[in-house]
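All remarks here apply to the structure that follows.
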DNA sequence: ACGCGCACTAAGCGCTTGCTTAGCATGCAA
DNA sequence: TTGCATGCTAAGCAAGCGCTTAGTGCGCGT
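Protein chains in written order, with this note's numbering: chain W, 1 to 191; chain G, 1 to 191.
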């Protein structure tokens, strides 16, 4: 069995609260009570409300980068690789829509130092998608006029899921991720 | 010349503040000082902080719907109509990224009644895009397997601009809107 | 000259905020 | 049995919150 520490319970509570009400709209008392603890307990395990946000955001950025990096390594065929990358990136955002919402929408609430640190993961994610497109163009398989812009657009499909996606809704994450992957191929394949 | 009333100055100040700090992160004192007035002046012209948000959000939704509706009426050719709709919708979100951010990200901060009112505009926007795709399929010009999902994805391209777009950045709104329009046609055109 | 209404402000009320302080129960080593 | 570290809480502090109240200055019709 995996034991959940008090520190992790507070992090989970913070994810729920931040995703539901936003960082500024969440009180430390709310986080504490979701974790079944007193307001002061938050400060036994975490330095501040912002450091709770940073922990959640940093972990979320790392996991998103890991998803797209391993997808990029999954295939050598540019079309198939792109399909897998878009599928996995969108699926991750659907399956982790609460963390994703914090990653995407509470970025500005981080301190300057913390924002700069997670920004490196964002650049790596964009670079992975750009590299996949550029490689496909080099191999004469993809037709992409604007590589950075198209990379951004492909990532937007996944990112925008966190704005409205709820698990248990009428469409599954797999269904949406498959759609995005198909659209991505149509957008970029050379005819 | 157009005269700007105190009420409008407060609305403009609220747009700036909400877009920059979010609804919960903005104080009524901040709005007042951006408008060059005392904190109490807010309540001379508006009922509450939330009614300020509702005014901004409602107007933003109306303008976005107007943009996509008139784009839909601009052409009878399904491919060209889709191109114009996606172009205009994305361009509006780039040119109005601050209002767009409030429309998209502060939706949950509205009261239940206000959110329900604004939701009708969202449904109309989605329906306009779905109708344009369905009509193209009916005319045998477009190939769209999942009409609602694809409509959502096309709107996502524009909506996601508000997350990061800043006027005066390295890419113009026109440039990005053109890219989105091209991608939209590639995504949906029958080959 | 005067009175009235309107746009606005100074001051502050009751409450909530992030966070701190002081202390208490438990478990464990000696 | 004692001593102490650990993990937590009760209570509360200073600051800031949305919003109200009571009033002030000014423009305008008469």
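For glycine and all other residues, C-beta sits at the position ideal for the given N, C-alpha and C. Here the structure is a predicted model, which is why all the values come from computation and not from measurement.
For residue i, which three-state DSSP category applies?
i, result
"residue 142 of chain G", "strand"
"residue 101 of chain W", "helix"
"residue 189 of chain G", "strand"
"residue 66 of chain G", "helix"
"residue 135 of chain G", "helix"
"residue 39 of chain G", "helix"
"residue 160 of chain G", "coil"
"residue 148 of chain W", "helix"
"residue 169 of chain G", "coil"
"residue 126 of chain W", "helix"
"residue 28 of chain G", "helix"
"residue 202 of chain W", "Limits of chain W in this structure are 1 at one end and 191 at the other, which puts residue 202 of chain W out of reach."
"residue 106 of chain W", "coil"
"residue 17 of chain G", "helix"
Taking buried to mean at least 16 other C-beta atoms within 10 Å of its own C-beta, is residue i buried or exposed?
i, result
"residue 111 of chain G", "exposed"
"residue 39 of chain W", "exposed"
"residue 84 of chain W", "buried"
"residue 160 of chain G", "buried"
"residue 49 of chain G", "buried"
"residue 44 of chain W", "exposed"
"residue 180 of chain W", "buried"
"residue 51 of chain G", "exposed"
"residue 125 of chain G", "buried"
"residue 73 of chain W", "exposed"
"residue 101 of chain W", "buried"
"residue 61 of chain W", "buried"
"residue 27 of chain G", "exposed"
Check the Cβ-Cβ distances between residue i and every residue of chain G, and say whether any is below 9 Å.
i, result
"residue 52 of chain W", "no"
"residue 150 of chain W", "yes"
"residue 22 of chain W", "yes"
"residue 191 of chain W", "yes"
"residue 138 of chain W", "no"
"residue 171 of chain W", "yes"
"residue 133 of chain W", "no"
"residue 159 of chain W", "yes"
"residue 175 of chain W", "yes"
"residue 15 of chain W", "no"
Do you know how far the Cα of residue j is from the Cα of residue i?
i, j, result
"residue 71 of chain W", "residue 8 of chain G", "50 Å"
"residue 99 of chain W", "residue 139 of chain G", "42 Å"
"residue 145 of chain W", "residue 134 of chain W", "10 Å"
"residue 169 of chain W", "residue 97 of chain W", "12 Å"
"residue 187 of chain G", "residue 166 of chain G", "27 Å"
"residue 175 of chain W", "residue 88 of chain W", "12 Å"
"residue 19 of chain W", "residue 77 of chain G", "42 Å"
"residue 29 of chain G", "residue 103 of chain W", "29 Å"
"residue 177 of chain W", "residue 59 of chain W", "22 Å"
"residue 41 of chain W", "residue 13 of chain W", "13 Å"
"residue 10 of chain G", "residue 34 of chain G", "8 Å"
"residue 184 of chain G", "residue 32 of chain W", "46 Å"
"residue 173 of chain G", "residue 156 of chain G", "15 Å"
"residue 158 of chain W", "residue 3 of chain W", "32 Å"
"residue 118 of chain G", "residue 137 of chain W", "43 Å"
"residue 92 of chain W", "residue 63 of chain W", "9 Å"
Is the Cβ of residue i closer than 9 Å to any Cβ of chain W?
i, result
"residue 104 of chain G", "yes"
"residue 49 of chain G", "no"
"residue 186 of chain G", "yes"
"residue 109 of chain G", "yes"
"residue 25 of chain G", "yes"
"residue 38 of chain G", "no"
"residue 97 of chain G", "no"
"residue 180 of chain G", "yes"
Quick one, which residues of the segment 50 to 81 of chain W are near chain G if we go by CB-CB under 9 Å, in chain order?
none
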